[in-house]
Amino acid sequence: MPNFEASKAWLEGILTHHPPPAVAGRRLKIKYVTQAKTRPPGFVVSCSRPDAMPQSYVRYLSNSLREAFDMPGVPIRIALRTSENPFAGRAKKRR
Numbered sequence: 001m002p003n004f005e006a007s008k009a010w011l012e013g014i015l016t017h018h019p020p021p022a023v024a025g026r027r028l029k030i031k032y033v034t035q036a037k038t039r040p041p042g043f044v045v046s047c048s049r050p051d052a053m054p055q056s057y058v059r060y061l062s063n064s065l066r067e068a069f070d071m072p073g074v075p076i077r078i079a080l081r082t083s084e085n086p087f088a089g090r091a092k093k094r095r
């Protein structure tokens with residue numbers, strides 16, 4: 001992937017054209033995509049619930065990466081990750 005601006009523009013275009021599906025009534029949110037490896041190209045997708053992301057949408061992401069960055073026939077690996085929630089272990093405040 002050429003640079004951050006190109007990946008951000010690509011991701012915004014993808015999300016507006018075909019947003020991630022809603023699973024169990026909650027929409028999946030994709031925060032960013034970064035290239036982790038070069039041979040074969042590997043990408044890390046930071047999303048809200050990686051375990052709930054359908055395989056069909058992961059395939060859509062890899063196919064659109066191939067098309068946008070002119071990589072026909074290149075195997076692309078995509079790893080889904082979630083960001084750590086700093087408030088996950090805290091108890092709720094009582095009033």
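Here UniProt numbering is used: the first residue of the sequence shown is 1, the next is one more, and so on. Yeah, the Cβ is synthetic: ideal placement off N, Cα and C, and Gly gets one too.
Query, Result
"Can you give me the C-alpha to C-alpha distance between V23 and M53, rounded to a whole angstrom?", "8 Å"
"Can you give me the start and stop residues for the alpha helix (DSSP H) that V45 sits inside?", "V45 -> not in any alpha helix (DSSP H); beta strand (DSSP E) instead, spanning G42 to C47."
"Ignoring anything shorter than 3 residues or poking outside the UniProt domain \"GTPase Der C-terminal KH-domain-like\" (9-81), list the beta strand (DSSP E) runs there in chain order.", "30-37, 42-47 and 77-81"
"Pick helix, strand or coil for S7, following the three-state DSSP scheme.", "helix"
"Cβ atoms of G42 and I78: under 9 Å apart, would you say?", "yes"
"Which residues in the same chain have their Cβ closer than 8 Å to the Cβ of residue 98, if we skip the five residues on either side of it in sequence?", "In the structure displayed, the chain extends from 1 to 95; residue 98 sits before or after that span and is not available."
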